[in-house]
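Residue numbers (the numbering used here): 2 to 118. Virtual Cβ for every residue (Gly too), placed ideally from N, Cα, C.
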């Protein structure tokens, strides 16, 4: 409803989401062309996911996001980045430091009662 009402905060956020997506595309293209080191790519990509999630939190608020905030905090505590999938009830988690970080994140998620796939 805020979008339909042309709420300036929501319109600005949608433009910001588009910018995040465009920067993500540029990162992926740079990686594909070999124009960015793997470690730099991973950290920059993780930063974009964090920026996306932070923007969603700002627009919707923690109450509306419910358990997603706690779920993302589990990933962030391991240094991973998380963002909403858009379907509700799930996150995409990116582990910029690789497999060992993914396994630590999996263990932390399972210990907190979440399923990690």
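Item: Segment contact, 8 Å Cβ cut-off, at least three pairs: the region 55-66 with the region 96-105; Value: no
Item: Status (buried if at least 16 other CB within 10 Å, exposed otherwise) for residue 34; Value: exposed
Item: Cβ shell of residue 86 (< 6 Å), same chain only, five flanking positions each side left out; Value: 93
Item: Segment limits, alpha helix (DSSP H) that includes residue 117; Value: Per DSSP, residue 117 belongs to no alpha helix (DSSP H) and is neither H nor E.
Item: Check whether residue 77 and residue 83 have beta carbons under 8 Å apart; Value: yes
Item: Alpha-carbon to alpha-carbon, residue 39 and residue 32; Value: 7 Å
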